[in-house]
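To start, the structure under review is shown below, and the notes come after it.
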Amino acid sequence: MFDDKTLAELEEVKRRYPAPRAAMLPVVHAVQRHKGWIDADAVRWVAEFLGIDPMYVHEVVTFYPMLYDEPVGRHVIHVCRTLSCDACGGKELWAHLERRLGVGRNGTTRDGRFTLRAAECLASCGTAPALLLDGERHECMTPERVDALLESAS
Numbered sequence: 748m749f750d751d752k753t754l755a756e757l758e759e760v761k762r763r764y765p766a767p768r769a770a771m772l773p774v775v776h777a778v779q780r781h782k783g784w785i786d787a788d789a790v791r792w793v794a795e796f797l798g799i800d801p802m803y804v805h806e807v808v809t810f811y812p813m814l815y816d817e818p819v820g821r822h823v824i825h826v827c828r829t830l831s832c833d834a835c836g837g838k839e840l841w842a843h844l845e846r847r848l849g850v851g852r853n854g855t856t857r858d859g860r861f862t863l864r865a866a867e868c869l870a871s872c873g874t875a876p877a878l879l880l881d882g883e884r885h886e887c888m889t890p891e892r893v894d895a896l897l898e899s900a901s
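In this note's numbering, the protein residues as written are 748 to 901.
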């Protein structure tokens, strides 16, 4: 699944933890960066690599919203859905993104460019509404700022 350099880096990550299971999140993140998502083959690979039951890996992948157990677009947008963001325009931001992208929550655009997902909290209440684009936080979002952000995504 990985080239020798990446595999050596993962081995180093595994060595830093007292128990192999403790290295699961960094290893799963590396697999996701490499593959784009964590499919059944990736779950089995991580379990074998760490010497743990595949069910543990599956539980982690399906628990964390920033881990994907199905294909996602080249760019993933997580919009904060908490009260602070909603009160500061988050609902309008959602509606704008859904119209602009032509998809609902957890949807991926037809061209595979964007996936739209919810986030429980982005710890940005004072600069709401907030979203993540490919893991980078953007605050004080407006429909116009979202449009510019979407245009700049390659």
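Glycine included, each C-beta is placed from N, C-alpha and C at the ideal position.
Near residue i, which residues of its chain fall below 8 Å by C-beta distance, leaving aside the five closest residues on each side in sequence?
| i | result |
| --- | --- |
| Ala834 | Ala875 |
| Glu883 | none |
Leaving out five residues on either side along the sequence, give the residues of the same chain with a beta carbon under 6 Å from the beta carbon of residue i.
| i | result |
| --- | --- |
| Val790 | Pro801, Val804 and His805 |
| Gly851 | Glu845 |
Report yes if the C-beta distance between residue i and residue j is below 9 Å; otherwise report no.
| i | j | result |
| --- | --- | --- |
| Leu863 | Cys827 | no |
| His902 | Leu869 | Here the chain covers residues 748 to 901 and nothing more, so residue 902 does not appear. |
| Phe749 | His776 | no |
| Asp858 | Asp816 | no |
| Arg763 | Ile799 | no |
Output the boundary residues of the alpha helix (DSSP H) element that contains residue i.
| i | result |
| --- | --- |
| Ala789 | Ala787 to Leu797 |
Who are the Cβ neighbours of residue i in its own chain at under 7 Å, not counting the five residues just before and after it?
| i | result |
| --- | --- |
| Ala866 | Pro812, His825, Val826, Cys827, Arg828 and Leu879 |
| Arg846 | none |
| Val808 | Val775, Ile785, Val790, Leu814 and Asp816 |
Note down the Cα distance separating residue i from residue j, rounded to an integer number of angstroms.
| i | j | result |
| --- | --- | --- |
| Cys832 | Asp751 | 44 Å |
| Leu840 | Pro765 | 44 Å |
| Glu756 | Thr889 | 40 Å |
| Ser901 | Val893 | 14 Å |
May I ask which residues mark the beginning and end of the beta strand (DSSP E) holding residue i?
| i | result |
| --- | --- |
| Glu867 | Segment: none, Glu867 is in no beta strand (DSSP E) and carries neither H nor E. |
| Val774 | Premise fails: Val774 lies in the alpha helix (DSSP H), Met771 to Lys782, not in any beta strand (DSSP E). |
| Leu880 | Leu878 to Leu880 |
Looking at the C-beta of residue i, does it have a partner C-beta in chain C at a distance below 9 Å?
| i | result |
| --- | --- |
| Glu839 | In the displayed structure, chain C is absent; only one protein chain is listed. |
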